[in-house]
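Numbering (full-length UniProt numbering), first residue to last: 1 to 190.
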């Protein structure tokens with residue numbers, strides 16, 4: 001089938017009388033369920049066929065297959081379409097550069113597994129994994145990254161400034177296909 005909508009034209013192998021036009025800009029390549037053939041195309045839209053009219057239909061988006069720099073904020077929507085409708089369903093996405101970071105304390109020790117990573121306003125950025133590794137979106141320039149962990153019932157804290165992190169970017173290993181930006185960060189005690 002051919003579907004003409006406000007975002008362009010999409011082709012689909014299955015259509016039905018009642019359909020969903022999924023808008024997920026930036027999530028190109030994501031699968032849309034319950035229609036196993038539905039995929040978000042290059043124009044940021046996908047078509048879900050054979051929705052059930054006058055009943056709740058749950059539509060899911062699986063971000064697997066999208067760029068690593070995209071966060072799909074809404075992965076599920078419930079809709080109740082009328083018979084013969086083409087329902088516009090907007091899934092919120094957020095474009096952000098994920099950075100793969102290896103944290104090391106100024107003493108040379110790796111930051112332990114499970115340490116929490118926050119920005120200067122205490123908003124959670126992520127958690128440290130094995131070997132001091134973390135994948136996160138760096139805060140804006142001038143804001144610190146604060147890492148906290150417990151060791152022998154003692155709270156440990158260290159920080160690194162984002163403007164200091166930009167100096168480390170010259171040593172980065174960028175893989176454009178996966179949008180990973182790998183950098184080493186030295187965290188100083190507070």
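Using N, Cα and C, we set each Cβ at its ideal position, and we do this for glycine too.
Is the beta carbon of residue i sitting closer than 8 Å to the one on residue j?
i	j	result
residue 4	residue 89	no
residue 101	residue 123	no
residue 51	residue 19	yes
residue 93	residue 25	yes
residue 83	residue 53	yes
residue 106	residue 63	no
residue 145	residue 160	yes
residue 13	residue 43	no
residue 75	residue 186	no
residue 153	residue 131	no
Going by CA-CA distance only, name the one from the options that's closest to residue i.
i	options	result
residue 128	121, 142, 108 and 149	149
residue 136	116, 77 and 78	116
residue 67	46, 98, 13 and 75	98
residue 125	184, 114 and 139	139
residue 155	74, 114, 131 and 73	114
residue 6	23, 41, 17 and 12	23
residue 69	141, 96, 47 and 17	96
Short of 7 Å in beta carbon distance, which residues of its chain neighbour residue i, apart from the five on each side in sequence? Order them along the chain.
i	result
residue 15	1 and 49
residue 56	78 and 80
residue 73	92, 93 and 94
Kindly identify the DSSP beta-bridge partner or partners of residue i.
i	result
residue 183	101
residue 7	None, per the DSSP bridge assignment.
residue 119	145
Secondary structure at residue i, three-state DSSP: helix, strand or coil?
i	result
residue 189	strand
residue 95	strand
residue 49	coil
residue 126	strand
residue 131	helix
residue 13	coil
residue 68	coil
residue 60	strand
residue 19	strand
residue 80	coil
residue 161	strand
residue 2	strand
Among residues of its own chain, excluding the 5 on either side of residue i, which ones have a beta-carbon nearer than 6 Å to its beta-carbon?
i	result
residue 112	149
residue 33	60
residue 71	94
Near residue i, what residues of its chain come up, given a Cβ to Cβ distance below 8 Å and the 5 sequence neighbours on each side ignored?
i	result
residue 58	34, 76, 77 and 78
residue 41	10 and 28
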